[in-house]
Amino acid sequence: MSLFTPSALLRPALAAAVMSVLAGCATTAAPQGTPVEASVVTKAVGYLAVRDVPASLNLVPAPPVAGSAAAALDDQISREARALRGSPRFAQATTDAELGFPEGANQFSCAIGMDVDAQKTPALYRLLERSRIDASAATRVAKHHYQRARPFMVNGEPTCTPDDEEGLRKNGSYPSGHTSIGWAWALILSEIVPERADAIQLRGRNYGESRLVCNVHWQSDILEGRFMGAAAVARLHDNPEFQRDLAAARKEIAAARASGAHSSRDCATEEAVLKVRPDSAL
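The sequence shown lines up with residues -23 to -1, 1 to 259 when you count with mature numbering (1 follows the signal peptide of the UniProt record, and there is no 0).
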């Protein structure tokens, strides 16, 4: 039998083709112009290209070192916040921990005075979901670099989301991603509904403070999280897609409010609960 049968001739070509595909898979990476992706589940992406995400490692200082006054303040506030375990404020902090959509879209429902719905207010829904990804990405490099241990890892006490603890152990505490997202949302929503800006920004503040109550972040994590959220919003304002959704969201909210839209949450109770500050719990 001849060694040069048709099947024998095809084998080198087939092998070369397979190797070419594998090589392409191995070397292909998200280009710098690709927006940041949240997860393979939602397929949602942020507005910002990777190269445009604020450089957290350059923008935030190193976390407080043991024995410093800043570290002592972190410890003190953490102790006071943990005293709220089992209280209505702790229950609210548990609710605030949810960032997945559609639930996450309504974290500021009481502050803006209406619900956010993917069908009724699609631009606003999209604006919050996509900006969430950008604000989270803005903290990622510093988190990975410092790998700061979270409070529950140090004090051995429970969190408000025990099912999340395994993942949180692998995700650095500094700066706070939830706080970055909450503050970014507060700034964006304040532009859309300026007449409710005070309520919105107060919600942005206590949204971050819920992470203290949950025993998953230190006070310095929260402060630098707000900073990175603001940095992300500053970058977003130069993005055309963000600007289009921002303008569309203004029109949606105006129309929804004119039609009598309101929040379905128990806002009076939520407002009363959120008046309890974690740094004055004792």
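Heads up, the beta-carbon is just placed ideally off N, CA and C, and yes, glycines get one too.
Closest by CA to residue i, which one among the options?
i: Gly63; options: Glu134, Leu105, Lys97; result: Glu134
i: Tyr24; options: Gly237, Arg180, His214, Ala82; result: His214
i: Ile158; options: Leu76, Ser167, Leu179, Arg127; result: Leu76
i: Val93; options: Arg227, Thr246, Gln196; result: Arg227
i: Pro139; options: Ala95, Asn83, Cys191, Asp243; result: Cys191
i: Asp51; options: Ala74, Thr116, Arg125; result: Arg125
i: Ala26; options: Asp111, Ser167, Ser86, Gly206; result: Asp111
i: Ala235; options: Gly90, Asn35, Ala21; result: Gly90
i: Ser108; options: Gln220, Ala238, Ile230, Phe67; result: Gln220
i: residue 273; options: Asn148, Asp222, Val118; result: There is simply no residue 273 to check, as the chain begins at -23 and stops at 259 in what is shown.
i: Thr72; options: Ser197, Asn183, Asn216, Arg117; result: Asn183
i: Glu201; options: Lys20, Arg66, Arg117; result: Arg117
i: Ala249; options: Arg59, Arg180, Asp222, Asp29; result: Arg180
i: Ala232; options: Ile169, Leu61, Ala68; result: Ile169
i: Lys252; options: Val210, Ala211, Gly237, Ala176; result: Ala176
i: Gly154; options: Asn132, Gln69, Ser113, Glu172; result: Ser113
i: Cys244; options: Ala43, Arg59, Gln69, Ser45; result: Gln69
Would you mind reading off the limits of the alpha helix (DSSP H) that contains residue i?
i: Val22; result: Here Val22 belongs to no alpha helix (DSSP H); instead the beta strand (DSSP E) covers 22 to 26.
i: Cys244; result: 244 to 251
i: Val190; result: 174 to 190
i: Glu106; result: 99 to 123
i: Phe67; result: 65 to 73
i: Asn35; result: 33 to 36
i: Ala163; result: 154 to 169
i: Gly144; result: 142 to 146
Going by DSSP in three states, residue i sits in which element: helix, strand or coil?
i: Asn83; result: helix
i: Asn132; result: helix
i: Arg212; result: helix
i: Leu195; result: A small correction: the amino acid at residue 195 is Trp; Leu does not occupy that position in the sequence shown. Of the three classes helix, strand and coil, the one that applies to Trp195 here is coil, per DSSP.
i: Ala238; result: coil
i: Gln53; result: helix
i: Asp92; result: coil
i: Phe78; result: coil
i: Arg127; result: coil
i: Lys228; result: helix
i: Arg254; result: coil
i: Gly202; result: helix
i: Cys2; result: Residue confidence for Cys2 is low, a pLDDT of 37 falling below 50, so the modelled location carries little weight; the figure read from the coordinates is stated next. It is helical.
i: Arg59; result: helix
i: Pro40; result: coil
i: Ser(-17); result: With a pLDDT of only 42 at Ser(-17), under the threshold of 50, the placement of this residue in the model should not be trusted; the figure read from the coordinates follows. In the structure shown, Ser(-17) sits in a helix (DSSP, three-state: H, G or I).
i: Arg221; result: helix
i: Ala7; result: Per-residue confidence for Ala7 stands at a pLDDT of 42, beneath the threshold of 50, marking its modelled position as unreliable; no derived number is given.
Is residue i near residue j, with beta carbons less than 7 Å apart?
i: His121; j: Ser150; result: no
i: Ala161; j: Gln178; result: no
i: Phe78; j: Glu57; result: no
i: Pro31; j: Ala207; result: no
i: Ser33; j: Ala115; result: yes
i: Gly185; j: Ile199; result: yes
i: Glu142; j: Thr136; result: yes
i: Glu229; j: Ala100; result: yes
i: Ser86; j: Arg242; result: yes
i: Thr246; j: Arg203; result: no
i: Pro152; j: Met205; result: yes
i: Ser240; j: Pro41; result: no
i: Tyr102; j: Ala88; result: no
i: Asp222; j: Leu104; result: yes
i: Ala119; j: Val37; result: yes
Are any of the Cβ atoms in chain C nearer than 7 Å to that of residue i?
i: Asp94; result: Among the chains in the structure shown there is no chain C, since it carries only a single protein chain.
Between residue i and the ligand SAH, is the CB less than 6 Å from at least one heavy atom?
i: Val27; result: As for the ligand SAH, it is missing from this structure, which has no ligand bound.
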